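**Student:** Protein chains in written order, with my numbering: chain A, 418 to 563; chain B, 74 to 445. Beta carbons: idealized from backbone N, C-alpha and C, even for Gly. Just so it is clear, the structure is predicted and the values come from calculations on it, not from any experiment.
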Amino acid sequence: MAGYFNELFSGTKSLAIGLRITIKECFKPVVTLQYPHESLVMTPRYRGHIELVGDAETGETKCIVCGMCQRACPSGCITVKGEKREGVKGKVLTVYQLDFTKCSLCGQCVESCKPGAIDFSHEYNLASTRKEDFIFDLVKRLKDKS
Amino acid sequence: MTLLAESQLHETFELNLGPQHPATHGVLRVKLTMDGEYIVKAEPVLGYIHRMHEKMGENRTWAQFMANVGRMDYLSAMSFNHGYVALVERAMGIEVPERAEYLRVITVELNRIQSHLLWWGAFVLDLGGFSPLLYAFDDREQILDLLETVTGSRLTYSYFRFGGLYNDIDENFVDGARAFIKRLRSRIPMYHDLVTYNIILMTRLKGVGPISAEMCRKYGATGPVLRGSGIQFDIRKNEPYSVYPEFDFDIPVYHEGDCMARYMVRMDEMEQSMRIIEQALDKLPDGPVKAKKVPKLIKPPIGDYYHAVEAARGTFSIRVVSNKTNKPYRMKLRSPTFSNLSLFEEASEGMLLADALALMGSLDLVIPEIDR
Chain A
418 MAGYFNELFS GTKSLAIGLR ITIKECFKPV VTLQYPHESL VMTPRYRGHI
468 ELVGDAETGE TKCIVCGMCQ RACPSGCITV KGEKREGVKG KVLTVYQLDF
518 TKCSLCGQCV ESCKPGAIDF SHEYNLASTR KEDFIFDLVK RLKDKS
Chain B
74 MTLLAESQLH ETFELNLGPQ HPATHGVLRV KLTMDGEYIV KAEPVLGYIH
124 RMHEKMGENR TWAQFMANVG RMDYLSAMSF NHGYVALVER AMGIEVPERA
174 EYLRVITVEL NRIQSHLLWW GAFVLDLGGF SPLLYAFDDR EQILDLLETV
224 TGSRLTYSYF RFGGLYNDID ENFVDGARAF IKRLRSRIPM YHDLVTYNII
274 LMTRLKGVGP ISAEMCRKYG ATGPVLRGSG IQFDIRKNEP YSVYPEFDFD
324 IPVYHEGDCM ARYMVRMDEM EQSMRIIEQA LDKLPDGPVK AKKVPKLIKP
374 PIGDYYHAVE AARGTFSIRV VSNKTNKPYR MKLRSPTFSN LSLFEEASEG
424 MLLADALALM GSLDLVIPEI DR
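(1) Between which two residues does the beta strand (DSSP E) carrying residue 533/A extend?
(2) Which first and last residues belong to the alpha helix (DSSP H) in which residue 247/B is found?
(3) Which residues in the same chain have their Cβ closer than 7 Å to the Cβ of residue 477/A, if we skip the five residues on either side of it in sequence?
(4) Where in the region 393-439 of chain B do unbroken runs of the alpha helix (DSSP H), each at least 4 residues long, occur, reported from the N-terminal end onward?
(5) Residues bridged to residue 107/B by DSSP?
(6) At a Cβ threshold of 8 Å, is residue 530/A touching chain B?
(7) Nearest chain B C-beta to residue 537/A closer than 8 Å, yes or no?
(8) Need the endpoints of the beta strand (DSSP E) that residue 498/A sits in, please.
(9) According to DSSP, is residue 469/A part of a helix, a strand, or is it coil?
(10) For residue 250/B, which of 340/B, 414/B, 182/B has the nearest alpha-carbon?
(11) Could you tell me whether the Cβ atoms of residue 514/A and residue 552/A are closer together than 8 Å?
(12) Taking the straight line between their C-alpha atoms, what separation do you get for residue 359/B and residue 223/B?
(13) If you follow the alpha helix (DSSP H) that residue 355/B is in, where does it begin and where does it stop?
(14) Which chain A residues are close to residue 223/B, counting only those with a beta carbon under 8 Å from its beta carbon?
(15) To the nearest whole angstrom, what separates the beta carbons of residue 145/B and residue 441/B, a pair I think is in contact under 8 Å?
(16) With a threshold of 16 other CB atoms inside 10 Å of the CB of residue 215/B, please say whether the residue is buried or exposed.
(17) Quick one: list the residues of chain A neighbouring residue 139/B, beta-carbon separation under 7 Å, in chain order.
(18) Taking the alpha carbon of residue 462/B as the point to measure from, which residue in 261/B, 132/B, 425/B, 444/B has its own alpha carbon closest?
(19) Between which two residues does the beta strand (DSSP E) containing residue 210/B stretch?
(20) So does the region 418-434 of chain A actually touch the region 262-272 of chain B, counting three or more Cβ pairs closer than 8 Å?
(21) Please determine if the region 99-113 of chain B and the region 367-381 of chain B are in contact, where contact requires at least 3 C-beta pairs separated by less than 8 Å.
(22) Tell me whether the beta-carbon of residue 535/A lies closer than 8 Å to the beta-carbon of residue 438/A.
(23) Would you list the residues sitting across from residue 237/B in a DSSP beta bridge?
(24) Span of the beta strand (DSSP E) holding residue 381/B?
(25) From residue 219/B to residue 125/B, what distance separates their C-alpha atoms?
(26) In the region 253-285 of chain B, which residues sit with their C-beta less than 8 Å from some C-beta in chain A, listed in chain order?
(27) Measure the beta-carbon distance from residue 305/B to residue 322/B and round it to whole angstroms, keeping in mind my assumption that it falls under 8 Å.
(28) Out of curiosity, what's the CA-to-CA distance linking residue 337/B and residue 175/B?
(29) Contact defined as beta carbons within less than 8 Å: I believe residue 195/B pairs with residue 429/B. What is the distance between those atoms, to the nearest angstrom?
(30) Anything in chain A within Cβ reach of residue 133/B, meaning under 7 Å, just list it in chain order.
(31) So what does DSSP say about residue 324/B, is it helix, strand or coil?
(32) Taking only heavy atoms of the ligand ATP into account, decide whether any of them is closer than 7 Å to the Cβ of residue 435/B.
(33) Starting from the beta carbon of residue 211/B, find every residue of chain A whose beta carbon is closer than 8 Å, and list them in chain order.
(34) Return the first residue and the last residue of the beta strand (DSSP E) that residue 510/A is part of.
(35) Considering only residues of the same chain and omitting the five flanking positions on each side of residue 292/B, which have a CB-CB separation below 7 Å?
(36) Helix or strand or just coil, what does DSSP make of residue 552/A?
Written as structure tokens, this is what we have:
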């Protein structure tokens, strides 16, 4: 009988301690964010999908079509193509395609890029139901931006 | 057990726990042979998310494999990355600057706390308590934010490089880490009041799912499972790597071997990790974060290399054979929870189903790491 009352007492005490914490927490400020209505700004180092960086003055791409990023990528999601044009030194970038469905955001491409032509974007609202939406034409994106 | 022995003649039935089940935290299937509410035999069935990481390692360059390691155990990706870079550095004979080693330890320990916090929430969730998960996530989010500002990623960091780090910390990191430790220190007594000393939790965990030291040795269990069974073994102390020997910390050990012991080991480990981080922040030297003499083409000399680290769930080790090409010749990965899960079959024999789920939760399973 004594055991029964002991258990009853310790059980009620344990419940009261738990409730005290819960009630205290009720009066603390809200820590969550109401996502579609508010959203976070990503930190400067956030690794989103890659993007071509425009030259500060001309807005043109810094890419020299060396293909290092393509070779560094573990998943083979980058396709770079360029052509020779008269009067221009080196190659001119024509196609820079990123297959984001395969990308694992490891950052090997950005690190391998000597001229600093690619960088991470800060976009993260990328949900879609179509696969084609994740195959980015980065040359077009750069043009649209500038 | 007596009940089970008496009912041996009774009819048994088979029950599938998983592949998708809230208590299995991933795609793990456990084929249970049940005698009423009692387990006669529990057979884990693996392979639902096998991705051939070992074979992938042999098909990509040394640097390219980096992203894979973090994806095995997404909760302690930092420790796994550490194991891999340390292995390649050992093979190549690369000296890592001291600042980089300190920052590695700080981030790995933050990652360990983060992993234990998630385990704590999920484990209590398995036992039927929902709200502790939200408290744990509140604190865990602080760590993720801190690591995100430095590494740019929240789970699969890929922050380490052969010979150092991807980039140096920003000016807010040290203060942020200190503020977080202060915050968590004030929260842990609340965790104990809310959960550890809760009478329902104690009754559900004390004496439930005993795992003996012999069983741990037999199956090669490591990490908190081993330390909850009374064996003081931690790679950080037993085979010191990086700058761990410079810090003063204890290895928590409990001798009961039950779910409560494993629970307490993890709770104490968070405190020890905080001690390590504090010391590392105090001693943090200045200097570069990347070694100068890292060859562009990684081609380790012909040989057989091995490195082990203490991840949040136990010993993670890699063995590679190099034939001096830009890709490993053979790669063998040893992940902790694969061994920890192996003992489940023997340990759960004769247990009530609900208790076996408590046991499974206390093993802290991460399925992608079991399947690899």
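**Tutor:** The answer reads as follows:
(1) No beta strand (DSSP E) contains residue 533/A, which DSSP labels as neither H nor E.
(2) 246-264
(3) 471
(4) 409-415, 417-420, 426-435
(5) 86/B, 112/B
(6) no
(7) yes
(8) 495-501
(9) strand
(10) 182/B
(11) yes
(12) 17 Å
(13) 332-356
(14) 462
(15) 6 Å
(16) buried
(17) 523
(18) No information on residue 462/B is available, as it lies outside the stretch 74 to 445 that chain B covers here.
(19) Taken as a continuous stretch (DSSP letters only), residue 210/B belongs to no beta strand (DSSP E), being part of the alpha helix (DSSP H) at 204-224.
(20) yes
(21) no
(22) no
(23) 234/B, 363/B
(24) 376-384
(25) 32 Å
(26) 263, 266, 267, 270, 271, 272, 273
(27) Not quite, the Cβ-Cβ distance comes to about 13 Å (not below 8 Å), so this is no contact.
(28) 27 Å
(29) Actually they do not touch by this definition, with Cβ atoms about 16 Å apart.
(30) 491
(31) coil
(32) As presented, the structure is devoid of all ligands, the ligand ATP included, so that no description of it is given.
(33) 448
(34) 508-516
(35) 412, 415, 416
(36) strand
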